[in-house]
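Report on the structure given below.
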Amino acid sequence: MLNNNLSKLIEEALNGNELAIARLLTKIEYMTDEGISALGTLSKRSGNAHVIGITGIPGSGKSTIIGGLIQEYVSRGHRVGVIVIDPSSPYTMGSFMGNRLRFQDKTMLKNVFVRSIGSRGYLGGISAEALMLTEALDGLGYDKIIIETVGAGQTDTEVEQSVHTILVVSIPGAGDDIQALKAGIMEIGDIYVLNKADRQDAELAFNTLKFAIDSAEISYRNGWKPLIVKTVAIKNEGIIELVNKIEDHLNYLKQKELFKKRIIDRRAKIVELIARRKIDEIISEIVKKNYNTIINEDITEAIPKVIHNVKELLR
Ligand SMILES: Nc1nc2c(ncn2[C@@H]2O[C@H](COP(=O)(O)OP(=O)(O)OP(=O)(O)O)[C@@H](O)[C@H]2O)c(=O)[nH]1
Ligand SMILES: [Mg+2]
-5 MLNNNLSKLI
5 EEALNGNELA
15 IARLLTKIEY
25 MTDEGISALG
35 TLSKRSGNAH
45 VIGITGIPGS
55 GKSTIIGGLI
65 QEYVSRGHRV
75 GVIVIDPSSP
85 YTMGSFMGNR
95 LRFQDKTMLK
105 NVFVRSIGSR
115 GYLGGISAEA
125 LMLTEALDGL
135 GYDKIIIETV
145 GAGQTDTEVE
155 QSVHTILVVS
165 IPGAGDDIQA
175 LKAGIMEIGD
185 IYVLNKADRQ
195 DAELAFNTLK
205 FAIDSAEISY
215 RNGWKPLIVK
225 TVAIKNEGII
235 ELVNKIEDHL
245 NYLKQKELFK
255 KRIIDRRAKI
265 VELIARRKID
275 EIISEIVKKN
285 YNTIINEDIT
295 EAIPKVIHNV
305 KELLR
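Numbering (the working numbering), first residue to last: -5 to 309.
Set out below in structure tokens:
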């Protein structure tokens, strides 16, 4: 049962009140009891949003590209939610748009919500917390949800499987990029965005990427042959083409009946996360309970007691 205050907060969030949305997302991100029950309520309304992950080396232009995607999607009548994991700089709407005025525009403010979250020791990739916020934003009526993350370290393939479309951003002149691609770190792209195509060597980088895809050095996810799009995000060049290709990928997922499947996978991942959190809490409690035994007695005495405690709990 939701208490009155929580019901009111959810109602305000559903009406688009930005402050209410922010407060609700904080409860959900930190998995408070209220947060978890709010997520349950919102989950009943979710399952419609197209979720787009965007990853790539630091500074490749992910945020600038998102700025372009936001504008294009809002002009096509969508509501866009953005989740940024572990941003290197504090996030405001301005980070996406520099000085572009259109962001002050009322339609933009009403239809766009941006949230940044910490990575909590997670080594790159999309965190499970981000999936909870995705579920919430989906339930709040944002139908395009973009998750920005720095593509470093390991990626959790199961989590990657629970977003719909993955964009991997690279730039000309970063020879290491192709090495990273080959090493599988960034092999997960449905669409490769070659940004900063205004730079020298853009053509060379494009051809290298194209060769890697054509020769299947880069794997195809669910039978989809990855596409490449060149962009100059600071000039908004290539953004419309990028959006068109993202939509092609969405249609492909729907045709293959993978759209809903990814949402179900996301929910399974969220349930797993909550279960793990709760079990961790129980373990901490058991350790606390046995602390005196551990201090006063030999650990060989403490171990059977702990096992007994666990069995009691599971009964
Ligand atoms: N020349 C050029 N510069 C660009 C382009 N797109 C973005 N930039 C610049 O590249 C820098 C980094 O852009 P961001 O959008 O912050 O990159 P990011 O990938 O989000 O960076 P992190 O979040 O720090 O990993 C900024 O100074 C942008 O203005 C482009 O197409 N051409
Ligand atoms: Mg960024």
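We put the CB at the ideal spot given by N, CA and C, even for glycine.
So which of the options has the shortest CA-CA distance to residue i?
i, options, result
"Leu236", "Val157, Val163, Glu6", "Val163"
"Leu103", "Ala196, Glu123, Tyr136", "Tyr136"
"Phe253", "Lys272, Ile64, Ala43", "Ala43"
"Lys219", "Ala227, Asp208, Val226, Lys229", "Asp208"
"Glu154", "Gly133, Gln65, Val45", "Val45"
"Glu123", "Ile273, Ser156, Ala227, Ala206", "Ser156"
"Thr35", "Val78, Ile257, Ala191, Ser1", "Ser1"
"Asn284", "Ile297, Asp274, Ile139, Arg193", "Ile297"
"Ser278", "Asp259, Val300, Leu267", "Val300"
"Ser69", "Ser54, Gly50, Thr49, Lys100", "Lys100"
"Ala7", "Tyr24, Ile60, Leu131", "Leu131"
"Asn(-3)", "Ala16, Glu23, Asp27", "Asp27"
"Asp242", "Ser40, Ile77, His158, Gly41", "His158"
"Asn216", "Leu247, Lys190, Ile258", "Leu247"
"Leu244", "Ile185, Ile293, Ile233, Asn230", "Ile185"
"Leu308", "Val74, Gly61, Ile276, Ser37", "Ile276"
"Arg73", "Asn105, Gly62, Gly61", "Asn105"
"Glu23", "Lys282, Ile268, Ile234", "Ile268"
"Ile77", "Lys224, Ile165, Ala16", "Ala16"
"Ile51", "Gly75, Lys255, Ile165", "Ile165"
"Gln57", "Ile233, Leu203, Asn(-1)", "Per the sequence shown, the amino acid found at residue 57 is Ser instead of Gln. It is Ile233 whose Cα lies nearest to the Cα of Ser57."
How about residue i: is its Cβ closer than 7 Å to a heavy atom in ligand 1?
i, result
"Thr225", "yes"
"Asp192", "yes"
"Gly167", "no"
"Ser54", "yes"
"Ile228", "yes"
"Val237", "no"
"Asn11", "no"
"Asn303", "no"
"Val144", "yes"
"Gly62", "no"
"Gly50", "yes"
"Asn189", "yes"
So residue i packs on residue j, CB below 8 Å; how close in whole Å?
i, j, result
"Ile120", "Thr143", "6 Å"
"Leu33", "Glu181", "No, Leu33 and Glu181 are not in contact; Cβ-Cβ is about 31 Å, not under 8 Å."
"Lys21", "Gly29", "3 Å"
"Ile273", "Asn303", "No, Ile273 and Asn303 are not in contact; Cβ-Cβ is about 14 Å, not under 8 Å."
"Ile48", "Ile141", "7 Å"
"Gly41", "Ile257", "5 Å"
"Arg127", "Ile264", "Note that residue 127 is Leu in the sequence shown, not Arg. About 10 Å separates the two Cβ atoms, so there is no contact after all."
"Phe200", "Leu188", "6 Å"
"Phe107", "Glu5", "Their Cβ separation, rounded to whole angstroms, is 17 Å, which puts Phe107 and Glu5 out of contact at 8 Å."
"Ala227", "Ile59", "5 Å"
"Gly133", "Arg39", "4 Å"
"Lys138", "Tyr214", "The pair is not a contact, with the Cβ atoms about 24 Å apart (cut-off 8 Å)."
"Gly62", "Asn238", "No, Gly62 and Asn238 are not in contact; Cβ-Cβ is about 13 Å, not under 8 Å."
"Arg109", "Leu19", "6 Å"
"Ala191", "Lys224", "4 Å"
"Arg193", "Met25", "Rounded, the Cβ-Cβ distance is 43 Å, inconsistent with contact."
Please determine whether the Cβ atom of residue i lies at a distance below 7 Å from any heavy atom of ligand 2.
i, result
"Ser164", "no"
"Ser110", "no"
"Ser57", "yes"
According to DSSP, which residues form a beta bridge with residue i?
i, result
"Glu346", "Here the chain has residues from -5 to 309 only, and residue 346 is not among them."
"Glu231", "Val226"
"Leu188", "Ser164, Lys224"
"Ser156", "Ser156 is not bridged to any residue."
"Phe205", "Partner(s): none; Phe205 has no beta bridge."
"Ile111", "Ile79"
"Val106", "Val74"
"Arg215", "Trp218"
Taking 8 Å as the CB-CB cut-off, is residue i touching chain C?
i, result
"Val162", "Here chain C cannot be found, since the structure has a single protein chain."
(request) Ignoring anything shorter than 4 residues or poking outside the stretch 53 to 78, list the alpha helix (DSSP H) runs there in chain order. (result) Within the stretch 53 to 78, the runs of alpha helix (DSSP H) at least 4 residues long that lie entirely inside it are, in chain order, 56 to 69.
(request) Run through the stretch 246 to 296 for me and flag every whole alpha helix (DSSP H) of 4 or more residues, listed as ranges in chain order. (result) With a minimum length of 4 residues, the unbroken runs of alpha helix (DSSP H) contained wholly in the stretch 246 to 296 fall at 253 to 283, 285 to 290.
(request) Starting from the N-terminal side, write out each stretch of the alpha helix (DSSP H) that is 4 residues or longer and does not extend beyond the stretch 1 to 46. (result) Runs of the alpha helix (DSSP H) inside the stretch 1 to 46: 12 to 23, 27 to 37.
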